[in-house]
């Protein structure tokens, strides 16, 4: 594998591998881009994210990775500007998962959902604008998101006995000892619903007219 002039590795086809940009955060809260040798703001980092430029933020004194907290701060700034994308009910549900026995199941689910949405967003945007006519694509996405949450809640309900107890606030949790057959039926039904949902999304993404 060849080396490019800037030290990065060159991928087959002549494309240079994207390098991870390091951002240093100092005690005075200033952010320093080591790649451009310049100070930047959260708005600059937000633009880098939109452009697909990956970066890691490190505490200049300790070297700790604080990327997550900085990205969260960017989201907070965007939300405070009125560009809200996180419904209050979603945030409340998200907070409830912290410290819960099912907390570990949520991150991969959210990441998978976002990855799937990102890959098909352009095709889905065109298809939805044609398919739903007077209805806005956003309304359709909200309905789909609600169905996703309902399916996820059902899945967690069935996993709760494995985790050692019922999840607080989750509807539909069964506590009878003789309900194993019912849980199997629910699991089968859930799988069918998820498969149907995936087929619907695939059809929307593939539709050209």
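Residue numbers (the numbering used here): 678 to 886. Cβ coordinates follow ideal geometry from the N, Cα and C atoms, glycine included.
Over the uninterrupted beta strand (DSSP E) stretch that includes residue i, give me the two end residues.
| i | result |
| --- | --- |
| residue 715 | 715-717 |
| residue 775 | No beta strand (DSSP E) holds residue 775; DSSP gives it neither H nor E. |
| residue 699 | 698-702 |
| residue 710 | 708-710 |
Reducing DSSP to helix, strand and coil, say where residue i ends up.
| i | result |
| --- | --- |
| residue 766 | helix |
| residue 843 | Any reading at residue 843 needs caution, since the residue's pLDDT is 47, under 50, leaving its predicted position unreliable; the model's value is listed next. Three-state DSSP puts residue 843 in coil, outside helix and strand. |
| residue 798 | helix |
| residue 738 | coil |
| residue 722 | helix |
| residue 887 | Residue 887 lies beyond the residue range present for the chain, which begins at 678 and ends at 886; the question has no answer from this structure. |
| residue 848 | Confidence at residue 848 is low in this model, with a pLDDT of 49, below 50, so its placement is unreliable and the value that follows should be read with caution. Residue 848 falls in the coil class under three-state DSSP. |
Which value, in whole angstroms, describes the spacing of the CA atoms of residue i and residue j?
| i | j | result |
| --- | --- | --- |
| residue 704 | residue 747 | 14 Å |
| residue 737 | residue 774 | 32 Å |
| residue 790 | residue 770 | 17 Å |
| residue 744 | residue 725 | 13 Å |
| residue 886 | residue 755 | Residue placement at residue 886 is flagged as unreliable, the pLDDT there being 44, under the threshold of 50; a coordinate-derived value is accordingly withheld. |
| residue 712 | residue 788 | 28 Å |
| residue 690 | residue 776 | For residue 690, the predicted structure reports a pLDDT of 40, less than 50, and the residue's modelled location is therefore unreliable. The matter cannot be settled from this model. |
| residue 719 | residue 751 | 6 Å |
| residue 729 | residue 762 | 20 Å |
| residue 706 | residue 778 | 35 Å |
| residue 869 | residue 753 | 37 Å |
| residue 768 | residue 795 | 21 Å |
| residue 786 | residue 772 | 16 Å |
| residue 792 | residue 798 | 10 Å |
| residue 700 | residue 760 | 25 Å |
| residue 804 | residue 741 | 44 Å |
| residue 764 | residue 710 | 33 Å |
| residue 766 | residue 727 | 26 Å |
| residue 717 | residue 784 | 29 Å |
| residue 749 | residue 714 | 24 Å |
| residue 782 | residue 739 | 31 Å |
Would you mind reading off the limits of the alpha helix (DSSP H) that contains residue i?
| i | result |
| --- | --- |
| residue 744 | 744-757 |
Between which residues of its own chain and residue i is the CB-CB distance below 6 Å, once the five residues before and five after are set aside?
| i | result |
| --- | --- |
| residue 780 | 774 |
| residue 684 | Note on residue 684: pLDDT 38, under 50, position unreliable in the model; the coordinate value appears next. Once the five neighbours on either side are set aside, residue 684 has no close Cβ partner at all. |
For the putative contact between residue i and residue j, defined by C-beta atoms under 8 Å, what is the C-beta separation to the nearest angstrom?
| i | j | result |
| --- | --- | --- |
| residue 636 | residue 722 | The structure shown does not extend to residue 636, since the chain spans only 678 to 886, so no value can be given for it. |
| residue 702 | residue 734 | 6 Å |
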